[in-house]
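Everything in the first sequence is counted per numbering that gives the first Met the number 0, starting at 0 for the first residue and increasing by one.
Each residue gets a CB set at the ideal place from its N, CA and C atoms; glycine is no exception.
Model, not experiment: these values are computed from the prediction.
Read through the structure below, which is laid out as structure tokens, and then see the notes.
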Amino acid sequence: MEEVTKEKKNLNFLEQIIEEDLANNTHGGTITVRFPPEPNGYLHIGHAKSICLNFGLAQNYGGKCNLRFDDTNPAKEDVEYVESIQEDVRWLGFQWADEPKYASDYFEELYQMAVKLIKDGKAYVDALTPDEVQAYRGTITEAGRPSPWRDRPIEESLSLFERMRNGEFEDGRYLLRAKIDMAHTNMFMRDPLLYRIRNIEHHRTGKKWAIYPLYDFAHGQCDYIEGITHSICTLEFIPHRPLYEWFLEQLADPTKIIPHQYEFARLNMTYTLMSKRKLLQLVQNKVVTGWDDPRMPTISGMRRRGYTAEGIRNFAERIGVAKRDNLIDISSLEFSIREDLNKKAIRFMGVLDPIKVIITNYPEAGGDLIIATNNPEDETMGKRLMKFSREIYIERDDFMEVPQKKYHRLAPGKEVRLRYAYYITCTDFVKDTDGQITEIHCTYDPETFGGQSEDNRKIPGTIHWVDAASAIDAEVRLYEPMFTDPTPEAYENEIEPKKFMHFLNPNSLTVIRAKVEPAVAESGREATFQFERKGYFCVDKDSTTENLVINRTVTLRDSYAKAQQK
RNA sequence: UGACCUAUGGUGUAAUUGGCAACACAACAGAUUUUGGUUCUGUAUUUCCAGGUUCGAGUCCUGGUAGGUCAACCA
Numbered sequence: 000m001e002e003v004t005k006e007k008k009n010l011n012f013l014e015q016i017i018e019e020d021l022a023n024n025t026h027g028g029t030i031t032v033r034f035p036p037e038p039n040g041y042l043h044i045g046h047a048k049s050i051c052l053n054f055g056l057a058q059n060y061g062g063k064c065n066l067r068f069d070d071t072n073p074a075k076e077d078v079e080y081v082e083s084i085q086e087d088v089r090w091l092g093f094q095w096a097d098e099p100k101y102a103s104d105y106f107e108e109l110y111q112m113a114v115k116l117i118k119d120g121k122a123y124v125d126a127l128t129p130d131e132v133q134a135y136r137g138t139i140t141e142a143g144r145p146s147p148w149r150d151r152p153i154e155e156s157l158s159l160f161e162r163m164r165n166g167e168f169e170d171g172r173y174l175l176r177a178k179i180d181m182a183h184t185n186m187f188m189r190d191p192l193l194y195r196i197r198n199i200e201h202h203r204t205g206k207k208w209a210i211y212p213l214y215d216f217a218h219g220q221c222d223y224i225e226g227i228t229h230s231i232c233t234l235e236f237i238p239h240r241p242l243y244e245w246f247l248e249q250l251a252d253p254t255k256i257i258p259h260q261y262e263f264a265r266l267n268m269t270y271t272l273m274s275k276r277k278l279l280q281l282v283q284n285k286v287v288t289g290w291d292d293p294r295m296p297t298i299s300g301m302r303r304r305g306y307t308a309e310g311i312r313n314f315a316e317r318i319g320v321a322k323r324d325n326l327i328d329i330s331s332l333e334f335s336i337r338e339d340l341n342k343k344a345i346r347f348m349g350v351l352d353p354i355k356v357i358i359t360n361y362p363e364a365g366g367d368l369i370i371a372t373n374n375p376e377d378e379t380m381g382k383r384l385m386k387f388s389r390e391i392y393i394e395r396d397d398f399m400e401v402p403q404k405k406y407h408r409l410a411p412g413k414e415v416r417l418r419y420a421y422y423i424t425c426t427d428f429v430k431d432t433d434g435q436i437t438e439i440h441c442t443y444d445p446e447t448f449g450g451q452s453e454d455n456r457k458i459p460g461t462i463h464w465v466d467a468a469s470a471i472d473a474e475v476r477l478y479e480p481m482f483t484d485p486t487p488e489a490y491e492n493e494i495e496p497k498k499f500m501h502f503l504n505p506n507s508l509t510v511i512r513a514k515v516e517p518a519v520a521e522s523g524r525e526a527t528f529q530f531e532r533k534g535y536f537c538v539d540k541d542s543t544t545e546n547l548v549i550n551r552t553v554t555l556r557d558s559y560a561k562a563q564q565k
């Protein structure tokens with residue numbers, strides 16, 4: 000009993016609405032929702048929130064979720080986007096009901112609905128120019144004036160509308176508008192535009208249509224046609240809702256499912272650009288290599304970078320959904336990614352900034368085979384073998400000539416553990432003329448094979464390493480987070496948004512040559528792995544056998560680095 | 001200066017609908033650790049303001065204040 004009441008808590012406002020509707024049998028005891036992107040760009044992390052919300056609601060309440068392309072503006076749309084959107088939704092782990100839907104599937108029905116409005120005296124063909132339309136509409140504080148064509152006879156509008164459809168007029172010559180109220184305090188109710196003339200090819204309907212419906216007329220009617228019960232969109236559509244409802248009042252059969260619109264706050268994230276328009280600009284201006292550039296906040300960019308679908312879904316769940324404007328700290332996303340990767344990622348040895356270590360008392364010929372654990376917290380992930388010999392590489396910052404306090408890695412005279420291998424003690428080091436350390440000399444303790452000693456002496460530091468002879472060179476792309484300016488206004492006003500971006504900052508991309516263990520090259524391009532103490536990485540899709548390319552997925556939470564900063 | 005929306009720790013989101021303000025991230029401190037990771041424990045920081053109703057208000061009422069959205073033939 001306790002448990003039941005507990006589960007009823009912590010519902011977000013949409014879940015509360017849906018549970019109430021389900022309880023009242025409002026729509027026959029079921030729900031149908033939809034995710035309705037316009038195919039004019041790739042999906043980004045903001046869309047992921049909406050996808051998880053809509054598909055998640057359908058899943059949790061035994062309903063359906065449609066994927067519907069809102070393709071009513073052919074000037075901006077393309078099949079490339081249609082395909083990438085489907086791929087991204089599927090990759091995120093969701094399946095839409097039936098086939099994908101398109102607003103363009105309903106162009107004929109929409110047209111007939113518009114004809115009905117004209118016949119009912121609720122719509123008319125206008126002949127104002129764009130400037131005139133704007134002037135007649137009034138302003139936020141002043142009422143608009145009726146168009147001189149507002150009372151055009153029904154028969155005349157009907158005939159003109161048909162001729163618009165047939166492509167008899169040039170773009171912009173005529174418009175179809177609803178006849179509502181030019182003095183309404185809500186601008187969207189001042190005789191909204193229904194159809195405009197566009198003599199261009201549509202990516203699905205080709206040259207069949209010369210007129211295309213606008214969002215306000217199309218969206219609600221598409222929802223109605225598909226039997227959507229809950230039409231969930233973002234906050235900026237709130238003022239559209241009265242219009243959404245007006246159209247349904249005129250056109251919908253009240254015995255059928257009447258959809259309702261609900262709004263939630265879109266995702267804003269610190270240091271992250273969430274505007275499709277500006278992301279498109281970055282692609283077009285070749286600031287990035289494409290929509291799936293690992294620096295992009297797109298779903299495809301994050302996928303390429305090694306983010307997991309489950310991590311993104313957990314993030315969406317974690318941030319919740321409400322109606323107030325928000326600015327989510329990006330560390331919350333990174334936490335969700337790490338949390339998932341911590342369970343799934345193999346721990347490989349990789350040395351990003353190599354420095355050679357010679358173990359002077361180790362035999363020159365031969366070597367040891369070392370058994371490494373793929374994931375110490377998950378035995379089922381297995382083990383692998385690594386070579387160990389007299390010459391190895393370690394991370395440059397794992398050695399300090401003069402160790403600072405609390406530094407417990409390698410330093411002259413100090414002993415550390417080479418992970419899975421031996422304890423070594425630094426005896427000497429070599430510097431070049433610039434004072435750069437080029438080589439470290441150590442001795443090893445043969446009694447510590449596997450990284451353990453019988454006397455159980457305390458070894459404060461464990462460092463990782465790769466065998467010099469068998470190591471593979473890799474090009475590692477470090478996408479360093481650049482925290483330049485966290486305010487959302489900054490992105491909006493900045494001409495070059497990359498300056499403010501978490502990863503799009505030009506200084507964020509560092510390419511280095513690293514030494515990695517051979518197994519990394521065989522790990523494939525899907526799996527993300529961890530270089531211990533350096534972060535999570537994944538092999539890039541452009542990687543070749545000659546040139547191993549690795550992207551850094553996300554850094555580790557590193558309190559040592561933070562302590563150093565202070 | 002019109003209409004609409006929203007105000008809960010640094011950031012998000014809850015609060016059994018009027019009954020002890022909590023969960024996650026971030027921060028800090030400690031323990032464990034063959035990753036300065038993970039895990040575990042702990043600390044600090046919260047109801048926009050002013051009135052009112054009530055035994056009792058984050059929640060209800062009145063009045064303010066702040067932020068957001070809207071004047072594309074975009075969605």
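With a threshold of 16 other CB atoms inside 10 Å of the CB of residue i, please say whether the residue is buried or exposed.
i	result
S299	buried
I494	Summary for I494: the model assigns pLDDT 43, below 50, so the residue's position carries little reliability, and this model does not support an answer.
T437	exposed
T486	Residue placement at T486 cannot be trusted, given a pLDDT of 47 that sits under 50; what the coordinates show is reported in the next sentence. The residue in question, T486, is exposed, as its Cβ has fewer than 16 Cβ neighbours within 10 Å.
T552	buried
N198	exposed
K115	exposed
I227	buried
Q133	exposed
P375	exposed
P445	exposed
D427	exposed
P611	Lying outside 0 to 565, the shown extent of the chain, residue 611 is not represented and no answer is given.
A22	exposed
V9	In the sequence under discussion, the amino acid at residue 9 is Asn, which differs from the Val named in the question. Exposed, since its Cβ has fewer than 16 Cβ neighbours within 10 Å.
D324	exposed
D539	buried
Would you call the CB atoms of residue i and residue j closer than 8 Å?
i	j	result
E309	D352	no
R418	T461	yes
L234	M188	no
Y392	K533	no
Y101	G40	no
Y173	A126	yes
F502	P480	yes
G349	F530	yes
S156	Y123	yes
A321	A264	yes
Y597	E414	The displayed coordinates of the chain run from 0 to 565. Any statement about residue 597 would go beyond what the structure contains.
L584	T297	Since the first residue shown for the chain is 0 and the last is 565, residue 584 is missing from the structure and cannot be characterised.
A526	I471	no
I439	F387	no
K48	L266	yes
For the beta strand (DSSP E) that residue i lies in, which residues bound it at each end?
i	result
W464	464–466
Q260	259–263
I256	Note, I256: premise wrong, no beta strand (DSSP E); not H, not E.
K63	63–68
G45	Careful: G45 lies outside any beta strand (DSSP E), inside the alpha helix (DSSP H) at 44–59.
S230	229–233
If residue i and residue j are in contact, beta carbons under 8 Å, what's the gap, nearest whole angstrom?
i	j	result
L91	I50	6 Å
R512	E225	The pair is not a contact, with the Cβ atoms about 54 Å apart (cut-off 8 Å).
I370	R416	Actually they are not in contact, since the Cβ atoms of I370 and R416 sit about 15 Å apart, beyond 8 Å.
May I ask which residues mark the beginning and end of the alpha helix (DSSP H) holding residue i?
i	result
E161	153–164
H239	Segment: none, H239 is in no alpha helix (DSSP H) and carries neither H nor E.
G219	214–225
V429	First-last for V429: 422–430, but that is the beta strand (DSSP E), not the alpha helix (DSSP H).
I298	298–304
Would you say residue i touches the ligand MN, meaning its beta carbon is less than 7 Å from a heavy atom?
i	result
G143	No copy of the ligand MN appears in this structure; indeed no ligand is present at all.
Do the segment 59–67 and the segment 289–296 make contact, defined as three or more Cβ pairs closer than 8 Å? Between the segment 59–67 and the segment 289–296 there are fewer than three inter-stretch CB-CB distances shorter than 8 Å, so the stretches are not counted as touching.
Do the segment 543–552 and the segment 355–366 make contact, defined as three or more Cβ pairs closer than 8 Å? As far as the Cβ criterion goes, the segment 543–552 does not touch the segment 355–366, which means the pair count is below three.
Inspect the CB distances between the segment 64–83 and the segment 328–343 and report whether three or more fall short of 8 Å. These segments do not touch.
Below 8 Å, how does it come out for the segment 177–187 and the segment 135–155: are there three or more Cβ pairs, yes or no? Contact between the segment 177–187 and the segment 135–155 is present, because at least three Cβ pairs lie under 8 Å.
Segment contact, 8 Å Cβ cut-off, at least three pairs: the segment 370–388 with the segment 399–411: No, because fewer than three Cβ pairs between the segment 370–388 and the segment 399–411 fall closer than 8 Å, the two stretches do not touch.
If you pair each beta-carbon of the segment 204–211 with each one of the segment 224–238, do three or more pairs fall below 8 Å? The segment 204–211 is not in contact with the segment 224–238.
Is the number of C-beta pairs between the segment 241–256 and the segment 265–279 that are closer than 8 Å three or more? The answer is no - the segment 265–279 does not touch the segment 241–256, with fewer than three Cβ pairs under 8 Å.
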